[in-house]
Each structure stands twice: as structure tokens, then as C-alpha cells.
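The structure appears below as C-alpha cells.
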Amino acid sequence: MEYLNFSRLTEKDFDDIIAMVDGERFTYDPSIETKNCDYRYENILIELKIIEEEPIEKQSKQNKLAELFRSDIKTVIINPLDLDFENKRKYYNELSTPIKTAIKKASQQLKISSENGEYKITIIVNNGLSMTLPDEFFDIAVRRAKNDTSNIDMLIICGIYHFSDGFDTIATAMFKDVEIQNKEKPIDFIDKLREAWSIKVNEYMTQQIISNEIERTKPPIKDIYFELNNIRYVKPPIQWGKESDFYGKQGRPRFDTTGMESCPPVGVVMPIFDLESYNFVKENISIFDSYLLKNNLEDYLKWIEKERIENDDFLKPIVPIKVSKEELIKTPSPFSFKDIGISLLPIFQKEVIKIAENSFAFNNTPISNNYILLQINEIGMDKANDIAFISYNKTRMSGETQEYLIKGERMKYEYALILASVYCLSLNADAVYYMINDDFKWK
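All residue numbers for the sequence shown refer to full-length UniProt numbering, where the first residue is 1 and numbers rise by one.
Structure representation (C-alpha cells):
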């Protein structure tokens with residue numbers, strides 16, 4: 001999918017905004033410019049901080065986030081609502097590092113620049129910290145300014161956030177002012193600054209649509225993720241809040257970075273003989289594979305069942321398939337055990353597809369008492385985030401039992417449905433039921 005990238009806000013954009021309200025640079029002396037604040041308007045000092053850093057890109061941050069969201073499933077949603085109070089505090093402390101650093105430095109620069117009790121404003125811009133939602137960024141910035149500084153009278157939080165689904169693009173601009181110290185607020189100046197910001201945002205948005213010359217380095221908000229120890233940690237983007245007029249009920253399209261264009265091998269076929277076919281095989285099988293038939297049919301069938309139960313490759317369960325003498329005659333002899341398995345693949349594939357095509361949406365009252373349940377959690381914008389749970393469910397006189405065959409493995413729905421159908425065939429279940437949880441899916 002093609003998305004419209006935006007350009008990033010720069011200090012030049014804020015030079016223009018300050019000029020609109022008749023403000024000016026505090027100094028043009030390069031030897032002291034970085035130590036002092038950026039702008040002055042009458043008795044008001046202003047320091048600008050643009051946040052570009054994404055904390056999640058650092059290995060140390062990834063390790064700490066993984067510790068907070070520990071899990072044995074292969075995709076973990078980074079959702080602070082799942083954390084208790086103490087861990088939620090730790091979570092926001094990890095995300096707040098670039099904001100905290102910027103605000104502390106702004107406070108120091110404003111202190112150095114202030115000579116006569118000027119009103120001191122810090123403007124902080126979210127230009128790249130996608131890990132925080134707009135409201136989260138606002139809350140963190142205000143908390144850090146109130147708790148960690150004494151030289152900021154007002155904090156202005158702003159930024160431009162944009163989303164795209166390949167057809168529609170929406171953008172929202174934030175400009176919020178918060179009094180940090182109990183000093184008289186320069187209302188007229190703030191109103192002028194807000195109006196100048198609105199003018200600049202309109203100019204900026206026009207450039208994003210028509211310009212071929214701007215440097216488009218800011219992608220739309222999307223999944224933020226990292227992988228550690230074969231577990232993917234994902235923070236999905238916030239939802240649009242309404243159905244797409246273009247894509248309709250099928251929902252907005254998602255990425256598929258699984259690289260899976262066809263279904264990988266999903267089972268190991270093992271032949272099940274009756275007495276007639278068993279005797280035929282004993283007479284015609286390659287001498288190198290004859291040991292696999294064991295001493296007699298009973299021993300062979302016990303061995304097959306033992307192999308099925310003890311198989312530890314949960315992505316390729318063993319599937320017993322009945323084979324008759326008439327079918328075996330079609331295979332040139334002497335044949336190998338593998339040749340027999342290959343000859344059964346068309347039957348295997350036909351049965352698996354039939355089961356998949358006749359699967360049912362789970363509605364809490366399954367018709368069958370012997371079924372496979374597939375649960376899929378669709379997460380974010382990429383099918384590579386999705387996880388599957390496959391269980392074998394039986395109702396007996398003693399009650400219901402549920403055995404997990406796949407638990408929290410990363411796989412998209414199409415692959416998981418085929419695998420669930422293979423398990424249905426392997427375990428001689430009646431049907432496959434499926435449930436799809438799309439609470440955290442891009443839609």
C-alpha cells in the first residue's frame with residue numbers, strides 16, 4: 001500500500017510563527033545561542049523543543065518494556081491499561097525520557113536568559129515520538145514540567161499527527177497551553193500565537209498536498225514494534241473512529257509482511273492400512289523401508305498412534321490417512337514409505353480444504369461435542385502481528401475438556417485456519433470453529 005508521507009516541522013516553521021506575532025530571535029550570536037532561549041516577545045521569553053527521538057529504538061528501552069509486558073505468547077500488545085499502578089508508572093518513565101530531558105534543558109536555558117523576571121514559555125513539539133498517543137504526550141509533558149522544573153511559567157504542547165489507509169489521509173493538529181507556575185497569563189499573546197500556529201498549519205497542510213519539493217520523511221502513524229527473544233511487542237495505532245467510506249464494511253486494508261504467499265507444509269501424512277493393504281505393502285515395499293511396517297498390522301497401528309501423540313512439531317501434526325490396496329496398486333513397486341505418503345497427499349489436501357471451507361463461526365453453543373476451536377487475535381496494521389490459539393475440545397459425561405495445540409503463535413488467519421483443519425483431520429474431530437478478536441486491529 002502506498003501512503004502519503006509528510007515533511008517534519010522544523011525550527012524554521014516556528015521562526016515564521018514567532019515572526020507573525022512580532023516576536024524575534026533572542027540572539028543571533030552563535031557562541032551563546034545554544035545556551036539561551038530561542039525567542040523573545042516584549043517581556044516574554046520562549047524556548048522551543050522539538051522531540052524527534054523514538055525511545056523504543058534503543059535496546060535498553062526494549063529490554064525494560066519487555067520486562068513490563070512479560071508473556072509467553074508471540075505477540076504482546078503494549079497497552080499500559082494492562083499494567084498495575086507501579087508498572088504503569090515505570091512504563092511512562094521509560095517513554096518520558098526524551099520529553100523530560102528536553103524540558104529540563106529548556107528550563108535551564110530560560111533561567112540563563114531571564115534577567116528581569118520575564119514570563120517564560122516552553123513550546124514542546126512531538127515530531128517523532130509515535131510511541132505516545134497525543135493525550136499521552138500531553139500528560140507526560142505537563143507532569144514533567146510541573147515536577148522537574150521551576151523556570152517554566154507556561155508549557156505549550158503541539159504537534160501534527162496524520163493517518164492514512166492508502167485512500168484517505170487525515171491530520172490533526174494539537175496546540176494546548178498549560179500554566180505551570182502561578183503567574184499572570186499573557187492571554188493576548190497566547191491567542192495571537194495560537195492564531196499564528198493555525199495559519200502555519202494551514203500552509204503546512206497545503207504543502208503536503210501540492211508540493212513536490214518538500215522532504216517527506218514523516219510516515220503516517222502506524223504500528224510501533226520491536227522483537228526480542230522471538231516475541232514481537234506491538235503498540236497499534238489509535239483507531240480512526242469511523243468506518244471507511246471507500247473500503248466499506250470489509251475494513252481498511254492491512255499490511256502482510258509475513259512473506260507467506262502460499263501455505264507452508266502443515267502436516268505429515270502417515271498411511272493407515274487394513275489387513276489387505278498391509279499385506280500388499282509388505283510384499284512390495286522397498287527393503288530399506290520394510291522395518292517401518294513392524295512385525296504385524298497391530299504393531300504398526302500402535303506405532304503410528306504413538307508417533308502421532310509424541311510428535312513435538314506442533315506446526316506439522318501427524319495425520320493418519322486410510323489407504324486401500326486399490327490405491328496402492330497405482331504406485332509402481334518396489335515403493336518406499338515416502339512414496340506411499342506422497343500418493344496420499346491429494347486425499348489429504350482435499351480433506352483439509354473441505355474442512356476449512358466448512359468451518360463455522362463460534363457462537364458459544366457449538367453443535368459438535370468434538371471440535372477444534374481456532375481463536376485469532378488480529379493486531380494493528382500488519383497481519384504479521386496476528387496470533388493464533390488452536391484447541392481441541394470435547395464434551396464427555398465427566399464434563400468438557402480443552403487441550404491447547406497452538407497457544408499464542410504468530411500466524412495470520414488463513415494459515416491458522418488450514419492448520420486447525422489439519423488438526424481436525426489428525427484428531428478425527430467433527431468440525432473447526434473460529435473466533436476472531438479484532439479489538440486491536442486497524443479498521
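All C-beta atoms in this analysis are idealised placements derived from N, C-alpha and C, irrespective of residue type, glycine included.
Exercise. Give the C-beta separation of Ala388 and Ile379 to the nearest angstrom, bearing in mind that I take them to be a contact with Cβ-Cβ under 8 Å.
Key: Going by Cβ atoms, the distance from Ala388 to Ile379 rounds to 11 Å, so no, they are not a contact pair.
Quiz item: Ser421 by DSSP, collapsed to three states: which one?
Solution: helix
Practice problem: Taking Glu11 and Leu129 to be in contact with their CB atoms under 8 Å, please state how far apart those CB atoms are, rounded to whole angstroms. | Solution: Actually they do not touch by this definition, with Cβ atoms about 17 Å apart.
Self-check item: Gln109 classed as buried or exposed, judged by whether at least 16 other C-beta atoms fall within 10 angstroms
Solution: buried
Quiz prompt | Separation of Phe255 from Val432, as counted between CA atoms | solution = 26 Å
Practice problem: Taking only the alpha-carbon atoms, compute the straight-line gap between Ile304 and Ser368 and give it to the nearest angstrom. | Solution: 26 Å
Exercise. Confirm, please, whether the CB-CB distance from Ala141 to Ile112 is below 8 Å.
Key: no
Quiz prompt | Counted within 10 angstroms of its Cβ, other Cβ atoms place Phe246 as buried (16 or more) or exposed | solution = exposed
Quiz item: How should Pro271 be labelled, buried or exposed, when 16 other C-beta atoms within 10 angstroms of its C-beta is the threshold for buried?
Solution: buried
Exercise. Taking the CB atoms as reference points, tell me whether Leu373 and Ser359 lie closer together than 8 Å.
Key: no
Exercise. Decide if the stretch 117–133 is in contact with the stretch 38–48; the criterion is three or more beta carbon pairs, one per stretch, under 8 Å apart.
Key: yes
Exercise. Out of Asp438, Asp430, Gln402, Leu427, state which residue places its alpha-carbon closest to the alpha-carbon of Lys412.
Key: Asp438
Self-check item: Per-residue burial, Met154 [other beta carbons within 10 Å of its own, 16 or more giving buried]
Solution: buried
Practice problem: Pick helix, strand or coil for Leu427, following the three-state DSSP scheme. | Solution: coil
Practice problem: Please classify Thr101: does DSSP put it in a helix, a strand, or coil? | Solution: helix
Quiz item: Which residues bound the alpha helix (DSSP H) around Gly341?
Solution: 337–343
Practice problem: Please determine, among Val281, Gln208, Thr172, Cys424, the residue with the shortest C-alpha to C-alpha distance to Gln349. | Solution: Cys424
Self-check item: Beta-ladder partner(s) of Val76, from DSSP
Solution: Tyr233
Practice problem: Just confirm the distance between the C-beta atoms of Pro253 and Asp165, as a whole number of angstroms; I'd bet it's less than 8 Å. | Solution: 7 Å
Quiz item: What residue does the alpha helix (DSSP H) around Ile209 start on, and which one ends it?
Solution: 187–210
Quiz item: For Val323, which of Pro346, Lys90, Asp289 has the nearest alpha-carbon?
Solution: Pro346
Practice problem: Taking only runs that begin and end inside the stretch 355–395, name each unbroken beta strand (DSSP E) of 3 or more residues, in chain order. | Solution: 370–380
Quiz prompt | Delimiting residues of the alpha helix (DSSP H) encompassing Tyr278 | solution = 275–284
Quiz item: Any chance the stretch 326–335 sits against the stretch 276–293, with 3 or more Cβ pairs inside 8 Å?
Solution: yes
Quiz prompt | Asp382 versus Lys242 - alpha carbon distance | solution = 19 Å
Exercise. Compute the Euclidean distance between the alpha carbons of Val76 and Ala66, then round it to the nearest angstrom.
Key: 9 Å
Quiz item: Using the rule of at least 16 other Cβ atoms within 10 Å of the residue's Cβ for burial, across every protein chain shown, is Gly399 buried or exposed?
Solution: exposed
Practice problem: Following the continuous beta strand (DSSP E) through Gln402, name the residue where it begins and the one where it ends. | Solution: 399–410
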